[in-house]
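Residue numbers (the working numbering), protein chains in the order written: chain A, 1 to 251; chain B, 1001 to 1425. We put the beta carbon where it would ideally sit given N, CA and C, even for glycine. Here the structure comes first, spelled out in structure tokens, and everything after it is commentary.
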């Protein structure tokens, strides 16, 4: 589904990713962990097509297509979703209005009919209930006046409505209390499917207590230095990044 | 200035009771002429093209019978009055409602005449008033609107000021008086075709306790020149909600002057101007807090696209003794292209103690983070941009009192800015 090969990315001439490789198969959940500044968020942004990143080498294939050659909206139409670390507040653009426009844009590009108003409302209500979001949130401006936790919940809510095939969630767990974390994890788990994959970018192991990953990768200095299963995350939790990184350097 | 030409054009007007008033206008304009860019308030807006058109068009006085104009879309249950080429269109039946009086200026009775003369003489010593003097020289075609004390006019009154495409210098004048404790919704709409010229003056006087909703929608043809002076006088405890939309014309200049003359007077202003193509749009507002406990809040949004140029100047003067004034001015501007430009200047002059004044002005581009966020959700770039521009304008547009007019304006703006986005920057 997703094949990243020797990806090299710079920001303002400064190398951030230095030969990152990763393969994600349908149905898999990959956790990418690493200390601050290791390049985790850069990876998430480059996958979604945020302007301002210079790809200096390597490739990213998504369903056999050159992902890096696609506009951000084309990536969304192809089934990619980015859950933002810092969701943007957009006063004046209604939450539900955006969702409907997004859903229909993707449908149009897939040659499908636009969703009708009743069907859409039903879908939105069902997913809002799943995310335990008050319906009053739906008609507010996008993330306008939301708390940090509400913004993150709104990201996952959008994901459950848009039903992407590959979701890249950038530090979705940061800033959440335990209750909110459970709701967010529940939203993600409800979406798990043999045809759908997740890349969870996170600093902390605790998210993985609620969303069980198939693979855990440790990112350092812009490349993956270790890959393991859930046990690796536990080792990070007990030994910290320094221990795991030192071990990786010695091996 | 070719005063002889103006006098000649005036001489062609009917010899009615307004002639002395017109002579005063001619004399004042003869003395001062068109505002010059040497004046601080006019430094960004060169009226040379307006002067040129005025003189050229004065040679063609508007025909007594204008060509038929395309009716503007009806927005439901409002009363409508039609002006063509700056004059009350002949042969129309003016709307009738209890407590509402609509009379051509030339036909005003003694009380009406006194009111009109009073407003004609109350001209400030500023260049915008010189343009009003020019308007006064052609005052015969105007309209006196009076709302009786205590009257509540249920249906909105729409004044449609249209141009029939002839090269004429339209000089419309509205003299409006809202009686004590009256209530009314007024909408002044400018539209038309051709390369016209409008020099409009609106005088709105609000008696004690009056509640007035006043909207001006300037949507003239893209080749028109539009200059306008609006003077609002608010008496004790009166309240006016102004919506000011400056969306059309190649060159437009709007002077909105509000006098908060007695305690409890309150004005709120929501303004939006759009300069696209090569348009030049200049909005000057001046609020005079003359009495204690007067309130003003002003929110202005400006959008410049392509090679458009916008100017906003918001002046608030809190006069000596106007203690307890609360004034809030906020102007935000959006530049949609590299070559677009907006100059903004909020000005506060405070001569009283114990006042609450806040002002702020910013000019920026579309938020790149918001744009990326929307695109990452699957909105094409053009759609995402349009959504953000609409969100920016929405705060003002949602104040338009007629829902269907609001929709028409919003859709028109969307189409226009989409077109502008496609044009090479």
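query	result
Check each residue of the stretch 1366-1379 of chain B: if its Cβ is closer than 8 Å to any Cβ of chain A, include it; give the result in chain order.	1367, 1368, 1369, 1370, 1372, 1373, 1374, 1375, 1376, 1377, 1378 and 1379
I'd like the list of long-range same chain contacts for residue 1051 (chain B), defined as Cβ closer than 7 Å, with 5 residues on each side in sequence excluded.	1034
Expressed to the nearest angstrom, what Euclidean distance is found between the alpha-carbon atoms of residue 1281 (chain B) and residue 1257 (chain B)?	17 Å
Are the beta-carbon atoms belonging to residue 1097 (chain B) and residue 1155 (chain B) less than 8 Å from one another?	yes
Who does residue 1176 (chain B) pair with in a DSSP beta bridge?	B:1145 and B:1204
Helix, strand or coil for residue 1067 (chain B), going by three-state DSSP, please let me know.	coil
Does chain A have any CB closer than 8 Å to the CB of residue 1257 (chain B)?	no
Any C-beta of chain A within less than 9 Å: which residues of the stretch 1382-1401 of chain B qualify?	1383, 1384, 1387, 1388, 1390, 1391, 1392, 1393, 1394 and 1395
What span of residues does the beta strand (DSSP E) with residue 987 (chain B) cover, start to end?	Absent from the structure is residue 987 (chain B), since the part of chain B shown begins at 1001 and ends at 1425.
How long is the line joining the alpha carbons of residue 1323 (chain B) and residue 1021 (chain B), rounded to whole angstroms?	37 Å
For residue 248 (chain A), which residues in chain B fall below 8 Å Cβ to Cβ?	Within chain B, no residue comes near residue 248 (chain A); the closest Cβ sits about 32 Å away, beyond 8 Å.
Give the single residue among B:1255, B:1015 and B:1036 whose Cα lies nearest to the Cα of residue 1230 (chain B).	B:1255
Determine, using beta carbons only, whether residue 92 (chain A) comes closer than 8 Å to chain B.	yes
Taking DSSP as the reference, what is the three-state secondary structure of residue 45 (chain A)?	helix
In three-state terms, what does DSSP make of residue 246 (chain A)?	helix
For residue 1279 (chain B), report the span of its alpha helix (DSSP H) as first-last.	From DSSP, residue 1279 (chain B) is part of no alpha helix (DSSP H); its letter is neither H nor E.
Compute the distance between the beta-carbons of residue 1336 (chain B) and residue 1303 (chain B), then report whether it is under 8 Å.	yes
Would you verify that the beta carbon of residue 50 (chain A) is, or is not, closer than 8 Å to some beta carbon of chain B?	yes
Of the choices A:8, A:143 and A:242, whose alpha-carbon is the least far from that of residue 16 (chain A)?	A:8
Quick one: is residue 73 (chain A) near chain B, going by C-beta distance under 8 Å?	yes
Could you give the DSSP three-state label for residue 1352 (chain B): helix, strand or coil?	coil
Could you tell me which of A:52, A:12, A:108 and A:56 sits nearest to residue 78 (chain A), measuring between CA atoms?	A:108
If we require 4 or more residues per run, which alpha helix (DSSP H) segments fall completely within the stretch 1378-1422 of chain B?	1381-1397 and 1403-1422
Roughly how many whole angstroms lie between the Cα atoms of residue 1014 (chain B) and residue 1064 (chain B)?	11 Å
Does the Cβ-Cβ distance between residue 1223 (chain B) and residue 1195 (chain B) come in under 8 Å?	yes
Got a sec? Which residues, its chain only, sit under 7 Å from residue 210 (chain A) by beta carbon, not counting five neighbours each side?	181, 182 and 185
Would you kindly report the start and end of the unbroken beta strand (DSSP E) that includes residue 227 (chain A)?	223-228
Mapping DSSP to helix, strand and coil, what is residue 14 (chain A)?	strand
Could you name the residues of chain B that residue 218 (chain A) contacts, counting a contact when the two beta carbons are closer than 7 Å?	None at all; the shortest Cβ gap to chain B is about 26 Å.
Where does residue 1382 (chain B) land, buried or exposed, given buried means 16+ other C-beta within 10 angstroms?	exposed
Based on the DSSP output, what are the partners of residue 241 (chain A) in its beta bridges?	The partner list for residue 241 (chain A) (beta bridge, DSSP) is empty, contrary to what the question assumes.
Is the stretch 1135-1151 of chain B touching the stretch 1291-1308 of chain B in the sense that three or more CB pairs, one from each, lie closer than 8 Å?	no
Applying a beta-carbon distance threshold of less than 7 Å, which residues of chain B neighbour residue 106 (chain A)?	1378
Taking the beta carbon of residue 1107 (chain B) as the centre, do at least 16 other beta carbons fall within 10 Å, making it buried, or is it exposed?	exposed
Can you find a C-beta in chain B that's less than 8 Å from the C-beta of residue 101 (chain A)?	yes
Count the other CB atoms within 10 Å of the CB of residue 1368 (chain B); is the residue buried (16 or more) or exposed (fewer)?	exposed
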